[in-house]
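Counted from 1, the sequence shown has number 147 at position 147 by the working numbering; the numbering is strictly sequential.
Beta carbons: idealized from backbone N, C-alpha and C, even for Gly.
Keep in mind the model is a prediction, meaning the values are calculated, not measured.
The block underneath contains the structure these notes are about, expressed in structure tokens.
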Amino acid sequence: MEYFVHVDGERLRVELKGGILRVDGEVVDADLAPASRSPIRSLRLAGRSLRVIPRRNGRGSWELDVEGVRRGAVVLDRGQEAIREARKAAGHGSGPQPLKAPMPGMVVRVEVAVGDVVEVGQGIAIVEAMKMENELRAAAPARVKAIHAREGMAVEKDMILVEFEALDEGEDAS
1 MEYFVHVDGE RLRVELKGGI LRVDGEVVDA DLAPASRSPI RSLRLAGRSL RVIPRRNGRG
61 SWELDVEGVR RGAVVLDRGQ EAIREARKAA GHGSGPQPLK APMPGMVVRV EVAVGDVVEV
121 GQGIAIVEAM KMENELRAAA PARVKAIHAR EGMAVEKDMI LVEFEALDEG EDAS
């Protein structure tokens, strides 16, 4: 299996074949295992053991908490990567994806305003579901284009809460 992982502005080609993991052609000694009956995973990488909590944001977009440091990542298979590259070559960036409710719940707080520039991993909104507050974070650097959620609002799974637009060339989220 071959995947392309986009994280922190870097593109990595990841291959898993016959139990051997290669990143950009280099063999990597790694193992990922559940740490318990929770979303926590134990990642052994180059002799180090790391605590990882992966959260899927949809459409290949993930939020990874690695030892308390949060990062956004996009994971694409070969076909998805080819489409992305073709769109980029044609001048059609896929653009930032909207933030959607991961499950039915209630909006507790919206932490951004229209026009705000956000960075990967920045808190955007908090949604309460099943008596737990879930902080939803930005998967990519972008500018807030529209906010459809408000405090106290009931939301359904996959409802668009916040829309983003791409940053201008050379504009930085920090």
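Here the region 142–151 makes contact with the region 93–111; the two share three or more CB pairs at distances below 8 angstroms.
Of all C-beta pairs linking the region 32–39 to the region 8–18, fewer than three are shorter than 8 angstroms, placing the two stretches out of contact. In this structure, S38 lies away from V52, with their beta-carbon atoms at least 9 angstroms apart. P96 is not a Cβ neighbour of N57, given a cutoff of 9 angstroms.
If you check the CB distance, E2 and R13 come in under 9 angstroms. If the five residues before and after F164 are omitted, its C-beta is found closer than 7 angstroms to the C-beta atoms of P96, P98, A142, R143, V144 and K145, all from its own chain and listed in chain order.
Closest option to V66, judged by alpha-carbon separation, among A166, G60 and R55: R55.
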